[in-house]
Amino acid sequence: MNLLRLKMCKTPASVMQRKCSIDPFCFDPEKLPQLKEKAMEDGVLAKCITFEALSAFVWRARCQALRMVADQQIKLLFAADGRSRFEPPIPDTLAMRFS
Numbered sequence: 011m012n013l014l015r016l017k018m019c020k021t022p023a024s025v026m027q028r029k030c031s032i033d034p035f036c037f038d039p040e041k042l043p044q045l046k047e048k049a050m051e052d053g054v055l056a057k058c059i060t061f062e063a064l065s066a067f068v069w070r071a072r073c074q075a076l077r078m079v080a081d082q083q084i085k086l087l088f089a090a091d092g093r094s095r096f097e098p099p100i101p102d103t104l105a106m107r108f109s
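In terms of the working numbering, the sequence shown opens at residue 11 and continues consecutively.
Following this line, the structure appears as structure tokens:
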């Protein structure tokens with residue numbers, strides 16, 4: 011399942027012409043608390059969950075790697091299965107799209 015879907019607007023042609031590589035990486039569980047501390051070190055956030063810290067880290071690295079311009083509009087979307095949270099729960103056999 012693709013959990014991360016990226017949509018880019020106004021992508022510069024120079025970015026589209028570069029070769030991309032997809033390499034998996036593992037993040038050691040022992041390093042996650044350090045990543046969360048780094049995410050909160052500027053004082054803007056009082057707390058953050060591991061998902062937020064790791065997502066921000068990956069997203070920031072991606073934007074830097076693509077050398078995106080400061081005013082470029084981009085979106086980061088995550089797929090989530092919220093069917094069980096509805097009352098009554100929505101069956102697993104039903105696929106729906108909310109946007």
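Don't be surprised by glycine CBs; every beta carbon is placed ideally from N, CA and C.
For clarity, every value in this text was computed on a predicted model and none was experimentally measured.
Nearest-angstrom beta carbon gap, residue j and residue i [assumed within contact, 8 Å]
{"i": "L64", "j": "L87", "result": "With a Cβ gap of about 16 Å, L64 and L87 do not count as contacting."}
{"i": "K41", "j": "M50", "result": "Not really, about 15 Å apart at Cβ, beyond 8 Å."}
{"i": "R93", "j": "I100", "result": "4 Å"}
Collapsed DSSP secondary structure at residue i in the structure displayed
{"i": "K85", "result": "strand"}
{"i": "A66", "result": "helix"}
{"i": "C111", "result": "Since the first and last residues shown for the chain are 11 and 109, residue 111 lies out of range."}
{"i": "T60", "result": "helix"}
{"i": "P98", "result": "coil"}
{"i": "P34", "result": "coil"}
Boundaries (first-last residue) of the alpha helix (DSSP H) holding residue i
{"i": "P43", "result": "42-50"}
heavy atom of the ligand ATP below 7 Å from residue i C-beta
{"i": "D81", "result": "The ligand ATP is absent from the structure shown, which contains no ligand whatsoever."}
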